[in-house]
Ligand code: FAD
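Residue numbers (the numbering used here): 27 to 516.
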């Protein structure tokens, strides 16, 4: 009759599966969050001193604690190795069960297995609930009961399953509020103030300067704003200079918003006649998210290896030149303005527009011939919304080794992508002010400008902006050769 809810990447107090199941099945429920030293130490070992995600979590945890207190409970916040701290806390509180929402990343799966084992030794149950996705693991399969490896048929089956259940069966909110009476106040000795950033061993990031809204209230504000323009999503989403997408990814990452509420909202917009087409496209993006979680569940080896194993035969560049090229890519000094502006966007804000993620990933793998794992790792450190499944899926898609029906010769041209998706150079001008005065017809490839045009715009190649570090046509030819090993393996 006593339970503990362990919050991880689900920092909200409403429509929360684990909280609902615990409250509706127990008389007394405590809530806890652990700043896991296993995760924080790994970040520190990679040299990270400031991390917007830590600031985001701190804010969101404070808001969650306040919401739980207002409902009669509160959050126990620990700073420890979670695999040890949670069983110890459960024993101290004398609970019979620990509830948590399932996490599908290989490291989290291993951690949860270890926690479940330790709890079992104390005769405490570990109950894992589906919350992060609409459909998980084996819930959407092909007709021959196998996992999908291509998105479109998966999406069709996903939609069909949703429709077959009728109404919003799978999208219903968990009515946590009805059971608030079971929330227990944390015992006095455990209800300390949450650790401060310095105690966690980090310095302040620029999250607040960027005005990135945090917590449940931040997610609500972003969603409200997005709903006023959801109808335009389909056409606006590809242009990085336009406010097209929802910017909700960091909230989905940390669970400050429920995926069910977003899918429900999208469905309502689709059926209301207001912004229906945009909402349908957006729902399909949310389905991509489920898709990559499902892929990671069935193929945990993609964390490290190609989804299509024959692509592991590719020999990537890794000499000194490649190291230098990689540094130029990371720092936004490739000489291709759209690529550089995109890398400055991630470095300065922790966000990168979806179109640009595809452009820079293609550039790294197919123009520089560098292993997609190097880029994946860079994104994992820098993205506020970093999610192993979507990030790995995106990188493998760009490297052609992933779940994609397209053959490998899809190689983005960084200049034509720029002309198409940032036609006036508005996005480029925002991040590369030294190019701001170039005319639109030159800004995508400054090296093609005449000396007079460059002089007038105040651009000095090699001085305030680099020449391209690679020739796209030559790189393309080298990539086709490099990828030929895949064809031979077929
Ligand atoms: P919106 O356009 O408003 O989309 C709404 C939501 O749908 C997103 O928040 C996200 O949860 C989901 N979504 C959209 N596109 C995708 C996609 N292709 N795959 C999976 N889910 C999707 N997304 C992450 O959440 N974390 C990552 O680490 C990540 N890494 C990526 C790396 C590469 C190389 C690429 C090409 C894509 C990556 N994406 C990742 C997917 C996508 O770029 C982001 O989800 C999106 O840009 C987030 O912005 P938004 O919330 O404004 O998106």
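All residues carry an ideal CB built from backbone N, CA and C; glycine is no exception.
Quick check: the region 459–466 against the region 274–289, are at least 3 beta-carbon pairs closer than 8 Å?
no
Nearest-angstrom Cβ-Cβ length linking residue 491 and residue 472, presumed shorter than 8 Å:
If you number the chain shown from 1, residue 491 lands on position 465. If you number the chain shown from 1, residue 472 lands on position 446. Going by Cβ atoms, the distance from residue 491 to residue 472 rounds to 6 Å, so yes, they are a contact pair.
How far does the alpha helix (DSSP H) with residue 111 in it reach, from first residue to last?
Translated into the one-based positions of the chain shown, residue 111 becomes position 85. Run containing residue 111: 108–119, per the alpha helix (DSSP H) assignment.
Going straight from the alpha carbon of residue 511 to that of residue 340, what length do you get?
Position 485 of the chain shown holds residue 511. Position 314 of the chain shown holds residue 340. Between residue 511 and residue 340, the C-alpha separation is close to 6 Å.
Meets three-Cβ-pair contact criterion under 8 Å: the region 472–487 and the region 382–400
no
Nearer than 7 Å: is that true of the beta carbon of residue 343 relative to any heavy atom of the ligand FAD?
Position 317 of the chain shown, counted from the first residue, corresponds to residue 343. No, since every heavy atom of the ligand FAD falls outside the 7 Å radius drawn around the Cβ of residue 343.
Is it buried or exposed for residue 291, if we count other Cβ within 10 angstroms and need 16 for buried?
Position 265 of the chain shown holds residue 291. So residue 291 counts as buried.
Check whether the region 156–169 touches the region 295–311, counting contact only when three or more Cβ pairs, one atom from each stretch, lie closer than 8 Å.
no
Please go through the region 416–486 and give each complete alpha helix (DSSP H) segment of 4 or more residues, from N-terminal end onward.
440–447, 452–457, 466–469 and 477–483
Is residue 140 near the ligand ATP, judged by its Cβ being under 7 Å from some heavy atom?
Ligands in the displayed structure: the ligand FAD; the ligand ATP is not one of them.
Can the beta-carbon of residue 127 be found less than 8 Å from the beta-carbon of residue 146?
On the chain shown, residue 127 is found 101 positions in, with the first residue counted as 1. On the chain shown, residue 146 is found 120 positions in, with the first residue counted as 1. It is not a contact, given that the beta carbons lie outside the stated cut-off.
Helix, strand or coil, according to DSSP, for residue 33 in the structure here?
Numbered from its first residue, the chain shown carries residue 33 at position 7. Of the three classes helix, strand and coil, the one that applies to residue 33 here is strand, per DSSP.
So, under 8 Å CB-CB, residue 93 and residue 104 are touching, yes? Tell me the CB distance rounded to an integer number of Å.
On the chain shown, position 67 is the one that residue 93 refers to. On the chain shown, position 78 is the one that residue 104 refers to. So it is not a contact: roughly 19 Å between Cβ atoms.
Can you confirm whether the region 437–452 touches the region 359–369 when touching is taken to mean that 3 or more C-beta pairs between the two stretches lie within less than 8 Å?
yes
Secondary structure of residue 404, DSSP reduced to three states:
Walking along the chain shown from the start, residue 404 turns up at place 378. Three-state result, residue 404: helix.
Shorter than 8 Å from the beta carbon of residue 52 to some beta carbon of chain B?
Within the model displayed, chain B is absent; a lone protein chain is all it includes.
For residue 105, which beta-bridge partners are listed by DSSP?
Here residue 105 is taken as the residue at index 79 of the chain shown, counted from 1. DSSP, once it has assigned bridges, lists 61 as partnering residue 105.
From the DSSP output, in three-state form, read off residue 355 for me.
Along the chain shown, one-based indexing puts residue 355 at 329. Residue 355: helix per DSSP, three-state reduction.
Just grab the DSSP bridge partners of residue 56 for me.
To locate residue 56, count along the chain shown from 1; it is residue 30. Paired residue(s): 30.
On the DSSP bridge list, what partners appear for residue 152?
By 1-based counting over the chain shown, the position of residue 152 is 126. Answer is 124.
Below 8 Å on the Cβ atoms is my contact criterion, and I expect residue 387 with residue 428 to pass it. Report the Cβ-Cβ distance as a whole number of Å.
Within the chain shown, the letter at position 361 stands for residue 387. Within the chain shown, the letter at position 402 stands for residue 428. The Cβ separation is near 11 Å, so there is no contact.
State the beta-bridge partners of residue 209 as determined by DSSP.
The residue you call residue 209 lines up with position 183 of the chain shown. In the DSSP output, where bridge partners are listed per residue, residue 209 has 55.
Leaving aside the five residues before and after residue 198 along the sequence, list all residues of the same chain whose C-beta is less than 6 Å from its C-beta, in chain order.
Counting from one through the chain shown, the residue named residue 198 turns up at place 172. Closer than 6 Å at Cβ, skipping near neighbours: no residue.
For my contact list, residue 63 and residue 129 are in at a C-beta cut-off of 8 Å; report their separation, rounded to the angstrom.
Indexing the chain shown from 1 puts residue 63 at position 37. Indexing the chain shown from 1 puts residue 129 at position 103. Contact flag wrong, Cβ pair sits at about 17 Å.
Helix, strand or coil: which one does DSSP assign to residue 491?
Counting from 1 along the chain shown, the entry for residue 491 is found at position 465. Residue 491: strand per DSSP, three-state reduction.
Is the CB-CB distance between residue 101 and residue 124 below 8 Å?
Along the chain shown, one-based indexing puts residue 101 at 75. Along the chain shown, one-based indexing puts residue 124 at 98. Contact: no.
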